[in-house]
Amino acid sequence: MNSTPTLLNRILITILGIKLLAVGVLLMLLASVPAVAAWWHSWSAGAWAGVNQAFNATRLPGRPESWLWILVALALLVLIGLMVAWAAQQGKGRANLLALEYDPGEVPGDVRIGGGVAEQALKHALANRPDLAGATVTTYDVKGSPALKVRLLPRQGVAPHLLADEVYALVAALEAVVGKRIPVLIHIGAGARTRFSRAERVR
Amino acid sequence: MSRHQEDQSPDMGRVLRRETHSTRAVPAIAAAVLVMVFAAYGLLEAGVHAIGQPAWLIEPQVAAERLVALPAGIPPLLLGALGAVLAMFGLVFFLNGILPGRRARHLLAGSPDPGGPAVVVDDEVIASSLARRARLAANVTPEQVMVVVSQRQVVVNVRPTSGVPVERDSVLAAVESELAAMALDPSPEVHVNVAPSGVIGA
């Protein structure tokens, strides 16, 4: 429902996993197989010589340091920035506007209905039910259009389809009030609050 | 209503797919933090080196030479263990990335109208609802029924009270009628196991 970049997550996690796996397997082989150690010596010595030469060729005028270090530092800074941006994308997508429409009536203008209207109304309607241990309602922005997510935590033994039917009626009433069809996702879930609370006995 | 906004409802199929599959947000954040820690350390050493100060932990030159000489200079057991730990972390990330990551959830297909709300139910909720129904059909206490719901099957385990036989078929019929009322997607098939031994004093 939120706009977590799932495909990007998959790709980046897979890349990181392959890299860590490759390094780990290489270390294990180095420790156990002498032939790999010989190959590693010849290959890494060549690579290190090349890197060394690059650093020697790029010394700052008049100083022993290479300016490649500054480039490395900048590249790492960019990498850190990208990682922060990636982590900040997780779980984004909350919205606070439920409806926005132009009303050309007697007083022309825009009508905006905040997401709090639906959230408060549904939450209040669900608050005192004995078969629910909790309910949260959030407005999300799904590809530019608002949608509601109703998360219900029923007590143990509650039939989910009957609960869903009752929430359908609430949503229909809300749609009648707002005057617009709202895409709604109902998530009937379980959590620590439902697992350790008493079962609902009478219904 | 001259400028009526056209109905641009979001693609519910896409939303439902996202709800029933893991977003991998937790491994993603772990990976980002891991890369950030390493990059910050590298940044520190690179910056320190660029301005000609002594290194904080290890001179990059020395580190590289040790890497080149690798099987020497470190006990092979330690090296192997280090490799195994790294490979294990790598495997966890890799599998998180490529496996389907399906969550233990089902869709309720019994919506009254097609444009109405879509419903996703955790398997745990389905299991506790079925357990209640099976318990009533078998006339036993809640502790004597265990229900396991997975993607394609429901297993109901009943331990009868000693001396009071439990009819397997009536439990099966009760659970199946409850499942039919739920109209789950994908719809699982039901297996009822009645334990051969009963419990005493229930």
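If you're matching them up, the sequences are chains A and B in order.
Its first residue numbered 4, the first sequence is counted upward by one per residue in the numbering used here.
Its first residue numbered 131, the second sequence is counted upward by one per residue in the numbering used here.
Ideal Cβ placement from N, Cα and C applies to all residues, glycine included.
{"Check": "Tell me, please, whether the region 157 to 171 of chain A touches the region 115 to 122 of chain A by the rule of three or more beta-carbon pairs shorter than 8 Å.", "Outcome": "no"}
{"Check": "Return the residue from the list A:Leu15, A:Lys152, A:Val110 and A:Leu177 that minimises the CA-CA distance to alanine 128 (chain A).", "Outcome": "A:Leu177"}
{"Check": "Evaluate glutamine 281 (chain B) with the Cβ neighbour count: other Cβ atoms within 10 Å of its Cβ, from every protein chain shown; 16 or more gives buried, anything less gives exposed.", "Outcome": "exposed"}
{"Check": "Would the beta-carbon of valine 285 (chain B) fall within 8 Å of that of valine 278 (chain B)?", "Outcome": "yes"}
{"Check": "For glycine 117 (chain A), would you say it is in contact with chain B, using Cβ-to-Cβ distances shorter than 8 Å as the test?", "Outcome": "no"}
{"Check": "Span of the beta strand (DSSP E) holding glutamate 104 (chain A)?", "Outcome": "100 to 106"}
{"Check": "Got a sec, what are the start and stop residues for the alpha helix (DSSP H) aspartate 299 (chain B) sits in?", "Outcome": "298 to 312"}
{"Check": "Which two residues bound the contiguous alpha helix (DSSP H) that contains histidine 44 (chain A)?", "Outcome": "37 to 60"}
{"Check": "Count the other CB atoms within 10 Å of the CB of isoleucine 14 (chain A); is the residue buried (16 or more) or exposed (fewer)?", "Outcome": "exposed"}
{"Check": "For valine 187 (chain A), which three-state DSSP category applies?", "Outcome": "strand"}
{"Check": "In the structure shown, what three-state DSSP assignment does glutamine 191 (chain B) receive?", "Outcome": "helix"}
{"Check": "Sort B:Leu208, B:Gly177, B:Gly210 and B:Gly231 by Cα distance to leucine 79 (chain A) and report the nearest one.", "Outcome": "B:Gly177"}
{"Check": "Does the beta-carbon distance from threonine 139 (chain A) to arginine 154 (chain A) come in below 8 Å?", "Outcome": "yes"}
{"Check": "Would you verify that the beta carbon of arginine 232 (chain B) is, or is not, closer than 8 Å to some beta carbon of chain A?", "Outcome": "no"}
{"Check": "First and last residue of the alpha helix (DSSP H) that includes methionine 276 (chain B)?", "Outcome": "It is not in any alpha helix (DSSP H) - methionine 276 (chain B) instead sits in the beta strand (DSSP E) that spans 275 to 279."}
{"Check": "Alpha carbons only, please: which of B:Gln283, B:Pro295, B:Leu216 and B:Ser152 is nearest the one belonging to alanine 268 (chain B)?", "Outcome": "B:Pro295"}
{"Check": "Considering Cα atoms alone, identify which of A:Leu71, A:Leu101 and A:Gly96 is closest to asparagine 55 (chain A).", "Outcome": "A:Leu71"}
{"Check": "Put valine 270 (chain B) into one of helix, strand or coil per three-state DSSP.", "Outcome": "coil"}
{"Check": "For chain B, find out if any of its Cβ atoms is closer than 8 Å to the Cβ of asparagine 12 (chain A); answer yes or no.", "Outcome": "yes"}
{"Check": "Leucine 8 (chain A): which of A:Trp89, A:His164, A:Leu173 and A:Lys183 sits nearest, CA to CA?", "Outcome": "The question names leucine, but residue 8 (chain A) is proline in the sequence shown. Here the closest residue by C-alpha is A:Trp89."}
{"Check": "Would you call the CB atoms of phenylalanine 168 (chain B) and isoleucine 16 (chain A) closer than 8 Å?", "Outcome": "no"}
{"Check": "State buried or exposed for threonine 271 (chain B), treating a residue as buried only when at least 16 other CB atoms are found within 10 Å of its CB.", "Outcome": "exposed"}
{"Check": "Quick check on DSSP: helix, strand or coil for aspartate 144 (chain A)?", "Outcome": "strand"}
{"Check": "Taking leucine 122 (chain B) as the query, report the chain A residues whose CB atoms sit under 9 Å from its CB, ordered along the chain.", "Outcome": "Here chain B has residues from 131 to 332 only, and residue 122 (chain B) is not among them."}
{"Check": "Kindly indicate which three-state DSSP category threonine 139 (chain A) falls into: helix, strand or coil?", "Outcome": "strand"}
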